[in-house]
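Structure record follows, encoded as structure tokens.
Number of protein chains: 2
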Amino acid sequence: MQFNEFYNGRTGLTVGINKTLFSRQTPYQKVEIFDTDTWGKMMTIDGMVMLSEKDEFVYHEMLSHVPMFAHPNPKRVLIIGGGDGGTAREVLRHPSVEHVDMVEIDEVVVQAAKQFMPMVGDFDNPKLNVHYEDGIAFVERVAEPYDVIIIDGSDPVGPAVDLFSEAFYRNCYKALTPQGVLTSQTESPWVASYHPAIRNLFHSLDAIFEVSRMYLAFIPLYPSGMWSLAYASKGIQPHDPEVIDRVVKGTTSMGAALRYYNPDIHQGSFALPVFVRELLR
Amino acid sequence: MQFNEFYNGRTGLTVGINKTLFSRQTPYQKVEIFDTDTWGKMMTIDGMVMLSEKDEFVYHEMLSHVPMFAHPNPKRVLIIGGGDGGTAREVLRHPSVEHVDMVEIDEVVVQAAKQFMPMVGDFDNPKLNVHYEDGIAFVERVAEPYDVIIIDGSDPVGPAVDLFSEAFYRNCYKALTPQGVLTSQTESPWVASYHPAIRNLFHSLDAIFEVSRMYLAFIPLYPSGMWSLAYASKGIQPHDPEVIDRVVKGTTSMGAALRYYNPDIHQGSFALPVFVRELLR
Numbered sequence: 000m001q002f003n004e005f006y007n008g009r010t011g012l013t014v015g016i017n018k019t020l021f022s023r024q025t026p027y028q029k030v031e032i033f034d035t036d037t038w039g040k041m042m043t044i045d046g047m048v049m050l051s052e053k054d055e056f057v058y059h060e061m062l063s064h065v066p067m068f069a070h071p072n073p074k075r076v077l078i079i080g081g082g083d084g085g086t087a088r089e090v091l092r093h094p095s096v097e098h099v100d101m102v103e104i105d106e107v108v109v110q111a112a113k114q115f116m117p118m119v120g121d122f123d124n125p126k127l128n129v130h131y132e133d134g135i136a137f138v139e140r141v142a143e144p145y146d147v148i149i150i151d152g153s154d155p156v157g158p159a160v161d162l163f164s165e166a167f168y169r170n171c172y173k174a175l176t177p178q179g180v181l182t183s184q185t186e187s188p189w190v191a192s193y194h195p196a197i198r199n200l201f202h203s204l205d206a207i208f209e210v211s212r213m214y215l216a217f218i219p220l221y222p223s224g225m226w227s228l229a230y231a232s233k234g235i236q237p238h239d240p241e242v243i244d245r246v247v248k249g250t251t252s253m254g255a256a257l258r259y260y261n262p263d264i265h266q267g268s269f270a271l272p273v274f275v276r277e278l279l280r
Numbered sequence: 000m001q002f003n004e005f006y007n008g009r010t011g012l013t014v015g016i017n018k019t020l021f022s023r024q025t026p027y028q029k030v031e032i033f034d035t036d037t038w039g040k041m042m043t044i045d046g047m048v049m050l051s052e053k054d055e056f057v058y059h060e061m062l063s064h065v066p067m068f069a070h071p072n073p074k075r076v077l078i079i080g081g082g083d084g085g086t087a088r089e090v091l092r093h094p095s096v097e098h099v100d101m102v103e104i105d106e107v108v109v110q111a112a113k114q115f116m117p118m119v120g121d122f123d124n125p126k127l128n129v130h131y132e133d134g135i136a137f138v139e140r141v142a143e144p145y146d147v148i149i150i151d152g153s154d155p156v157g158p159a160v161d162l163f164s165e166a167f168y169r170n171c172y173k174a175l176t177p178q179g180v181l182t183s184q185t186e187s188p189w190v191a192s193y194h195p196a197i198r199n200l201f202h203s204l205d206a207i208f209e210v211s212r213m214y215l216a217f218i219p220l221y222p223s224g225m226w227s228l229a230y231a232s233k234g235i236q237p238h239d240p241e242v243i244d245r246v247v248k249g250t251t252s253m254g255a256a257l258r259y260y261n262p263d264i265h266q267g268s269f270a271l272p273v274f275v276r277e278l279l280r
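Protein chains in written order, with numbering that gives the first Met the number 0: chain A, 0 to 280; chain B, 0 to 280.
Shown next, in the form of structure tokens:
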């Protein structure tokens, strides 16, 4: 058996499947977990790969450590989505963290991840608070602001479509402390059908935040293998000397826990090819 | 119809095919050209994607401009392989170039590229000299050395297997001028079956050259989308200040011809994830 995810026509990714471990249509989406021939366990939502056991470290390290080291002292962190638990796991490696709110709309994602991909999450950590509700509504009524907000949603179709809207990011800005930093996953620059969503999202970030930048990561199970992420802040540049200093010290003390992210990658991932820069205009 | 290239089990790339334009078994390999649903014309050799019309600029720009700007004044350039003509096209954008030798073992690759993918090559350029012979033997008997040597071969199976051998790189070293620079394509760090070849090749380069480094590019039609390349030289570091100065000036004057490579990419592409560094040990 094979899983296919086509990003255009009949072109895309093929993954050999040994066995379907879980398959359920929830009120929001279809959640499936497969045992694959190459990448260990793999979760898909509505036919799109979310993560695999063997490549998830790239996405979760890059989405988490870039903003967590950018902020000088992140204590309160909000994760929108992220039901598999991988983003929270990386956030919780930072000793300054006191409180993490993770807002996942679909409880089935968390339950399936806990049962079939227990190597990903760190759900027993007492600093982690999981809320099963709509992240869009959650950020509208934040009382106590966050130092870091991470948008770990699925693609801009289905329940995640509003995670690409300007209104949502305006609420995120209000929900951030004065030194606040935000990151979000923003699709593949190689896939033409995502270009309008990517461009709109970055134009929104440019309008709302003092600083907004795109950065890139090699994710083999996402369409084309090139994935973009957004960095936005109220003033902290990702390559401020104090940030680089924190990255160097922090990655050294995290040691073998990190498998992708390091100081070179923190800096190099913000280098954008010519065609990607043009897409952002 | 679909084309599949599996890098492990039944996992890999799938490309929708509108039509097969060319298919021939040569004395060396099977050469095919397809019209695809997403990437324009696409050439494969022995079932492995070599290039497509719409993504070839990444590979050719990254393989060519990194060494061509590293060298202070590249006049004589040797390309081993590269039968589609894309590497020579990028090399020939550098005004210092006087003479390019391209050594392609299989004339059918050049003929098929000229007929079906004429947008790729610059074969009428009078500075380009195409030789249909074995590149391994060619570098054994170089009389007049080259400033830049580019190894643009296929995967380390079939006729290209010796392009990953230490003996070959020793001959390349001898065939380089005192400021010589070499680059080579070195497979995907995500694909476990290539790890021994990658590790051996970089250990050889470390032993032979004064400088050797890996760099990376996002190539959507190569397995996993993450592709590695080797940079080696007799002393010039890829990020020497004079090199960066040449990159900044040179990319400005090349203008819209470049679609991937720019000064940020020249520097950022040498940032290696933790798991890639570990692979090179």
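All C-beta atoms, glycine included, are put in the ideal place defined by N, C-alpha and C.
If you're wondering where the values come from, they're calculated on a predicted model, not measured in any experiment.
Within the stretch 158-201 of chain A, the complete beta strand (DSSP E) segments at least 3 residues long are 175-184, listed from N- to C-terminus.
DSSP places Ala255(A) in no alpha helix (DSSP H); its state is neither H nor E.
At a beta-carbon threshold of 8 Å, the residues of chain A lying near Met225(B) are Phe217, Pro219, Gly224, ordered along the chain. In terms of Cβ geometry, Gly15(A) and Asn7(B) form a close pair [threshold 9 Å].
The alpha-carbon of Asp161(B) is positioned some 10 Å away from that of Gly134(B). In this structure Ala142(A) is exposed. Its beta-carbon is surrounded by fewer than 16 other beta-carbon atoms within 10 angstroms. Chain order gives the chain B residues near Arg258(A) as Pro272, Val273, Phe274, where near means a beta carbon separation below 8 Å.
Runs of the beta strand (DSSP E) lying entirely within the stretch 123-155 of chain B, each at least 3 residues long, are 127-130, 145-151 in chain order. By a beta-carbon distance limit of 8 Å, Val246(A) does not contact Ala231(A). Their separation comes to about 18 Å. Chain-ordered, the chain B residues with CB closer than 9 Å to the CB of Thr35(A) read Gly8, Thr10. Residue range 225-232 is occupied by the beta strand (DSSP E) that includes Met225(A).
By the Cβ neighbour-count rule, Pro222(B) is buried, with 16 or more other Cβ atoms within 10 Å of its own.
Under the three-state reduction of DSSP, Val99(A) is assigned to strand. Looking only at Leu204(B), Thr19(B), Ala206(B), Val147(B), the smallest Cα-Cα distance to Glu89(B) is reached by Val147(B). For Leu77(A), the enclosing beta strand (DSSP E) starts and ends at 75-80.
For a Cβ distance threshold of 7 Å, residue set Ala270, Pro272 of chain B lies close to Ile264(A), ordered along the chain.
Annotated three-state conformation of Leu12(B) is strand, per DSSP. Collapsing the DSSP output to three states places Lys53(B) in coil. Residues of chain A with a Cβ closer than 8 Å to the Cβ of Gly267(B) are, in chain order, Gln266, Gly267, Ser268, Phe269, Ala270. Inter-residue distance for Gln24(B) and Leu12(A) is about 27 Å (C-alpha atoms, whole angstroms). Beta-bridge annotation (DSSP): Lys113(B) is not paired with any residue. Minimum Cα-Cα distance from Trp226(A) among the listed residues Thr185(A), Ser192(A), Met253(A) corresponds to Thr185(A). Closest in C-alpha terms to Asn17(A), from the list Met213(A), Phe167(A), Thr35(A), Glu31(A), comes Thr35(A).
When only Cα atoms are considered, Ser192(A) and Asn3(A) end up about 18 Å apart. Interface with chain B (9 Å Cβ-Cβ cutoff): Phe5(A) is included. Among the residues of chain B, none has a CB under 9 Å from the CB of Gly39(A); the nearest is roughly 12 Å distant. For the C-beta of Thr25(B), not a single chain A residue is nearer than 9 Å; the gap to the nearest is close to 27 Å.
In the structure shown, the three-state DSSP call for Thr251(B) is helix.
The CB of Gln1(B) comes closer than 7 Å to the CB of Arg9 in chain A, given here in chain order. Each of Lys53(A), Ser63(A), Ser95(A) was checked against the Cα of Pro237(A), and the nearest Cα belongs to Ser63(A). At least one CB of chain A lies nearer than 9 Å to the CB of Asp54(B). Listed by position along chain B, the residues whose Cβ is nearer than 8 Å to that of Thr13(A) are Asn3, Phe5, Arg9, Thr10, Gly11, Leu12, Thr13. As DSSP reads the structure, Thr43(B) sits in a beta bridge with Glu31(B), Val48(B).
At a cut-off of 9 Å between beta carbons, Val57(A) contacts chain B.
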